Structure formats: structure tokens, C-alpha cells
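Everything below concerns the one structure shown next.
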Amino acid sequence: MTITDFRLKIRDFFRRNKIKLIVIIVAWIGIIIVNKYLENTSEPEIPKTTYSPHTAVMDDSVVPTKLQSPIEQLIEKYVDFCNAKDYENAYNLLTDECKKNVFSDNIDNFKEYIDSVFDTKKIYNIQNFSNKDGTYIYTVTILNDIMASGLTNEVLETYEETVVIIDNGTDDLKLSIKGYIKNENMDRMYEDEYIKINVTDLKVEYEYLTYKLTIRNKTENIVVLEDFSTTDEIYLDTDYGKRKRTDFLLEPIVIYPGETKYYDFNFTKFYDEKAVINGLVFANVRILKSYSGSEDTRQSELDNAVSRYSITLDV
498 MTITDFRLKI RDFFRRNKIK LIVIIVAWIG IIIVNKYLEN TSEPEIPKTT
548 YSPHTAVMDD SVVPTKLQSP IEQLIEKYVD FCNAKDYENA YNLLTDECKK
598 NVFSDNIDNF KEYIDSVFDT KKIYNIQNFS NKDGTYIYTV TILNDIMASG
648 LTNEVLETYE ETVVIIDNGT DDLKLSIKGY IKNENMDRMY EDEYIKINVT
698 DLKVEYEYLT YKLTIRNKTE NIVVLEDFST TDEIYLDTDY GKRKRTDFLL
748 EPIVIYPGET KYYDFNFTKF YDEKAVINGL VFANVRILKS YSGSEDTRQS
798 ELDNAVSRYS ITLDV
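FYI, in the working numbering the residues of the sequence shown are 498 to 812.
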């Protein structure tokens, strides 16, 4: 077939199918125009979010389904009682341990706390934060109810309450507040010819461990355990590193002849972290003939020390 013949066939095809071809081209152009229009006018896709109040933000663990509604109802009752200043009923929703170890078994202490947080009507939301060994820790965000106050320019102040619910295997759930989890009897003891140390109790909170100690000086000398003259005199030894005391007011630990003193040692350790505690370390125990607390005489006092050593107490 020559080129001329091929061209004649093409021209003949277009002449016979001209109408069809025009319809196809117009339809094709129309589809393109419609698609462009839809691209320019369609609503942007909004990301979908879900609120999961019973899924822990720390590790995505989920509170058992059977406990979810009871926990919601417990927290709702607590906030309602606090808003109504029904102190007794709110107080009765707390565990006995929380009453004892957070509020000293004194409802007046609880009233002061509630009045400080619920100074106006509050609303709240909850979010499960962490779960471990049947202990469910929630962050309850408490904020002003602006709709109730009617103040359009009011600053939205918030207070975050760490609420702990322990599954006790019954339908009568109680809660702990201020991050309190439990107390444990320790009964740990160290004794030598100079000193006797008893660790009697451990208070466990979500962020802290507090050890209660009794320390007795058995000598006629002066026992110095910590006076901040060196670093790391007392610390909690963990496989994640040393944890220094975080007491609100750190004071020197100096025990004079025949004295018995009582201390609370507070350390930062999160309840759900995996750090293993190796011991409570007294790294610079000094048995001194004299002690002034002055930097000017420190070296001479150390030179005349009866003994210097360290203690690691299993806690």
C-alpha cells in the first residue's frame, strides 16, 4: 500500500465517523473540566480523631471494659460532691489509705484541699494515663465552668488531678487523689557499732517514693550522714542511675550522741518505669569527735574522724 492510499483510507474513516469522533472528543473534554472543577471545589478531608479516655497515653494499654463505666461514674460522683461542697460524701469515696496517708485521717485537711481546687463550679475530663498490676492511673483535668459563671472574658485555668483506682475485685471501687497509690511496710534494718538505721515504711505515689526512717546514734560521737559538703551523699541507686533526695526542704542529717531522729526521704521514681532499685546508699558516713558545720574547720574534723565509710541498705 502506498502512502497515498493510506492517507485516502484515513480521510475516508474520518469522513464516515466524524459525528462519533466529535461526540467522543466533547465528552472527553467535559470529563476533564468536571474533574478540575471538583478538585477545586471539594471540601478538604478532615482528619478523623477519636477520644479514648480509657486507653493509656503511656503505652496504649486499655482499662478492662468491665471497669470503664464504674470508673467514669466514680469520678463523676466525686466531682459532683466536690462542686456541691458535700465534703463527707466526697471524702467517703477515697480509700482508707488515701485518707490516712494523704490527709492524716482528718476531713478538715480534705476540706481545705477541696476548697482550694473547687473554688468555683468546675467541669472536667478524664484520660487514662498508665496501667500497671491492676492499678489504673487517670489524669482528671479540672477547669472552670465558664457557662455556669457567665464570664466571657474569664481566663480558663486548669488543674490536673492524678487519680488512682485499684481493682480490688469488688464492685465497691474507691479512688486515691494527688497521685497517691499505696503504703508498704518495709522493716529493713542496718546496724553497726556506731549507728542503727530502720526503714519502717514506704509511701508510693505515681511520681515519688518516700521512705520513712528512724536513725539512732549509738555513740558519744557525732554522726554526719549528709551536710552537702560533697555530692551524692545519700541517694537511691537504680539501674537507671542515681536518684537524689527531692524533699521540699533539704536539711543536713547530723545526729548527736545518743539521739534518735526520724526522717522522710523522698525520691523521684515513676510507678510505671522499669528502673530496678539496687539500694538506699549512704555514701559518706562520718563518725566525728566534733562537728561545727563550718567549711573552715571541716578538714580538721575529718582528719580526726573516728570512722568514715558507706552503707547500702536493701530497700
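Backbone N, C-alpha and C define an ideal beta-carbon position, used for all residues, glycine too. As the structure is a prediction and not an experimental result, all values here were calculated from the model.
* Asked: Excluding five sequence neighbours on each side, which residues of the same chain lie with their C-beta closer than 6 Å to the C-beta of I750?
  -> Apart from the 5 residues on each side of it in sequence, I750 sits with its Cβ closer than 6 Å to the Cβ of L722 and E723 in its chain, given in chain order.
- prompt: Does DSSP classify I543 as helix, strand or coil?
  reply: Here the model assigns I543 a pLDDT of 47, short of 50, so the residue's position is not dependable and the matter cannot be decided.
Checklist entry - Sorry if obvious, but does the Cβ on A772 come closer than 7 Å to a heavy atom of the ligand ADP? => result Absence of the ligand ADP is noted for the structure shown, with no ligands found whatsoever.
Margin query: Count Cβ pairs between the segment 597-617 and the segment 562-581 that sit closer than 8 Å; are there 3 or more?
Written below: They touch, by the three-pair rule.
| field | Collapsed DSSP secondary structure at T592 in the structure displayed | value | For T592, the three-state secondary structure derived from DSSP is coil.
Buried or exposed by the 16-neighbour rule on C-beta atoms within 10 Å, applied to T783: Note on residue identity: the sequence assigns Arg, not Thr, to residue 783. A buried status is given to R783, since no fewer than 16 other beta-carbon atoms sit within 10 Å of its beta-carbon.
- prompt: At a cut of 8 Å, does the segment 785-800 reach the segment 708-722 through at least three beta carbon pairs?
  reply: These segments touch.
Just the Cα atoms here: how many angstroms apart are E730 and L699? So the two alpha carbons sit approximately 21 Å from each other.
*Can you tell me the Cα-Cα spacing of T711 and Y759, whole angstroms?*
When rounded, the distance between both Cα atoms is 5 Å.
- Where V803 and P550 are concerned, what is the direct C-alpha to C-alpha distance, given to the nearest angstrom? Near 60 Å, if we compare the C-alpha coordinates of P550 and V803.
Would you decide whether Y806 is buried or exposed? Buried here means 16 or more other CB atoms lie within 10 Å of its CB. So Y806 ends up on the exposed side.
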